[in-house]
Each structure stands twice: as C-alpha cells, then as structure tokens.
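Sequential numbering of the sequence shown, starting at 1, is according to the working numbering.
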Amino acid sequence: MEPADMQHAVGAPQPGGGATPPAVSVTGHFPLPPAAPVQVPAPEGNGSLSGGAHGPVAVLLIGAAGAGKTTIARHWADTRGAPTAHISLDDVREWVRAGFADPQAGWNEHSEAQYRLARRTCGFAARNFLANGVSCIIDDAVFPDRPAVGLGGWKRHVGPGLLPVVLLPGLDIVLTRNAERTGNRRLSDEEVARIHGRMAGWYGSGLPIIDNSHLDVASAAAALDRVVARSIQGPPVW
1 MEPADMQHAV GAPQPGGGAT PPAVSVTGHF PLPPAAPVQV PAPEGNGSLS GGAHGPVAVL
61 LIGAAGAGKT TIARHWADTR GAPTAHISLD DVREWVRAGF ADPQAGWNEH SEAQYRLARR
121 TCGFAARNFL ANGVSCIIDD AVFPDRPAVG LGGWKRHVGP GLLPVVLLPG LDIVLTRNAE
181 RTGNRRLSDE EVARIHGRMA GWYGSGLPII DNSHLDVASA AAALDRVVAR SIQGPPVW
C-alpha cells in the first residue's frame with residue numbers, strides 16, 4: 001500500500017498573532033490549487049490543438065524505454081501555438097544526485113520511493129503550470145499491471161482530467177533505440193523486452209494508442225495532436 005503523501009504546515013501562528021490563514025501550497029508568488037479537473041480545450045477546425053484560444057491541457061505520454069516518448073513529447077511542446085511545458089519523469093528522478101536509485105540496479109523499495117517522489121514533483125509542477133495558463137505534457141513509463149505506480153497516482157497528483165496516451169512501437173524499434181543510449185538510460189535487451197511486453201497490456205484498456213514504429217518525430221507529434229483532439233469528444237475511461 002502506498003504511504004500517504006506527507007504535508008507540512010507552513011507559517012505556524014505566533015503567540016498573540018490572531019487567526020491563522022488557511023494553509024496553501026505556493027510556488028513563488030502563485031498559490032498552487034489542489035488537484036482538480038484539468039480543462040480539455042475544444043479543437044480547432046482542422047482537429048488540431050495547436051492554437052492557444054481554449055485554455056491549458058494536460059497530457060501524459062506513456063511508453064516503454066526506447067518508445068520515443070521524451071523526444072516526441074518535447075517536439076509536441078515545442079511546436080504548439082500555445083504556451084506548453086514538457087516534464088519528463090526520468091529527468092526529474094535524476095535531480096537526485098547522491099543516493100540516486102539507478103534503474104540498472106533494478107526495481108526495489110529505494111527506486112520505488114524515488115519514483116513516487118518524482119511523480120509528486122511532476123504533478124506539483126504540472127498543476128502550477130496549468131494554474132497559470134500553461135499546458136503541459138508529461139512522459140513516463142506507466143505499467144498497466146502495477147496500480148501502485150500506475151495511472152491512479154498521476155490522476156491524484158495532476159487531476160482527473162489528465163489525458164493519457166500510449167506510444168507503442170514494435171520491439172525491434174525500442175531495442176534499436178535503446179542500443180543507441182548511454183549511461184543509466186541504457187537498459188539490457190532483456191529488460192527492454194520485458195518492459196515492452198508489459199506495455200502490450202494497454203491494448204484493450206480504452207486508452208488511445210499510437211504505433212510510431214514507422215513515424216518520424218514530427219509525424220508522431222502530429223498523430224498525438226489528433227488523438228488529443230479526438231479525445232475531447234469521448235475521453236478514455238481509466
């Protein structure tokens with residue numbers, strides 16, 4: 001069972017100081033609201049969400065190691081016509097320097113704790129961006145068969161309107177991309193194959209799935225844009 005997120009009161013009252021104002025989380029000068037439904041904008045006439053007339057949207061791009069999710073998410077954020085942030089969970093995890101739970105060491109209590117910490121941090125950032133009119137796309141390898149670190153946590157930290165989309169290229173594609181990596185981002189072929197196999201569990205889930213095996217980055221980002229636009233009419237149930 002996932003431990004409850006810890007919250008600490010800020011600004012305890014001083015003796016004789018009068019009533020204590022409601023506790024809120026803040027970042028800089030912007031009050032951070034609690035997780036709430038994320039506004040999903042209406043598409044433009046061409047089915048695209050590239051314009052900025054409809055308010056912010058939040059997308060969770062899911063994929064195995066080597067699926068291209070970080071590159072595609074970054075390109076999608078770069079090329080939209082509205083302010084859009086890209087948040088990569090792997091990048092946030094690596095903010096921990098000393099004591100970093102290296103993915104190559106396998107999944108254990110230490111790595112799971114750092115994953116959950118990174119996920120909360122990503123959710124905090126996403127909610128702050130959304131509260132200030134900035135759309136965001138988060139990328140993460142979310143497994144369909146692990147509820148403890150699954151979509152429910154993202155829904156809790158970002159909001160129930162978060163739109164999950166799955167990238168699922170063929171195994172040969174992810175193996176090739178993984179072989180081009182260096183450092184702790186590169187996994188063994190066996191681990192990549194295992195992760196890819198588990199990602200196949202998203203079939204039949206009701207989530208939109210993009211097979212980007214034969215799509216370049218721009219084409220995959222365009223496909224993502226179309227999926228987001230279509231999902232407005234009937235968001236997936238998860």
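Cβ atoms here follow ideal geometry from the backbone N, Cα and C, with glycine treated the same way.
What whole-angstrom Cβ distance do residue i and residue j have, given they're in contact under 8 Å?
i, j, result
"residue 66", "residue 174", "3 Å"
"residue 97", "residue 115", "With 8 Å as the limit, residue 97 and residue 115 do not qualify as a contact, their Cβ atoms being about 16 Å apart."
"residue 165", "residue 210", "7 Å"
"residue 171", "residue 193", "6 Å"
"residue 253", "residue 157", "Since the displayed the chain opens at 1 and closes at 238, residue 253 lies outside it and no answer follows."
"residue 68", "residue 167", "6 Å"
"residue 133", "residue 83", "7 Å"
Nearest-angstrom Cα distance between residue i and residue j?
i, j, result
"residue 146", "residue 155", "15 Å"
"residue 207", "residue 139", "15 Å"
"residue 163", "residue 189", "30 Å"
"residue 113", "residue 57", "28 Å"
"residue 85", "residue 215", "23 Å"
"residue 161", "residue 127", "11 Å"
"residue 63", "residue 186", "15 Å"
"residue 44", "residue 81", "The pLDDT assigned to residue 44 is 46, lower than 50, so where the model puts this residue is not dependable; a value taken from the coordinates is nonetheless given after this. Approximately 12 Å, taken between the alpha carbons."
"residue 111", "residue 120", "14 Å"
"residue 108", "residue 198", "18 Å"
"residue 90", "residue 118", "8 Å"
"residue 178", "residue 159", "32 Å"
"residue 184", "residue 79", "29 Å"
"residue 125", "residue 180", "30 Å"
"residue 55", "residue 135", "8 Å"
"residue 230", "residue 182", "37 Å"
"residue 176", "residue 191", "13 Å"
"residue 95", "residue 149", "19 Å"
"residue 227", "residue 144", "20 Å"
Just reading off the alpha helix (DSSP H) that residue i is part of, what are its end residues?
i, result
"residue 113", "109-131"
"residue 174", "171-179"
"residue 152", "151-158"
"residue 192", "189-199"
"residue 73", "69-79"
Return the first residue and the last residue of the beta strand (DSSP E) that residue i is part of.
i, result
"residue 139", "135-140"
"residue 88", "84-88"
"residue 217", "No beta strand (DSSP E) contains residue 217, which is instead part of the alpha helix (DSSP H) from 217-231."
"residue 59", "58-63"
"residue 164", "163-167"
With the cut-off set at 8 Å, would you say residue i and residue j are in Cβ contact?
i, j, result
"residue 59", "residue 137", "yes"
"residue 77", "residue 61", "no"
"residue 88", "residue 70", "yes"
"residue 130", "residue 142", "no"
"residue 220", "residue 212", "yes"
Checklist entry - Quick check: the segment 196-208 against the segment 98-113, are there 3 or more CB pairs under 8 Å? => result no
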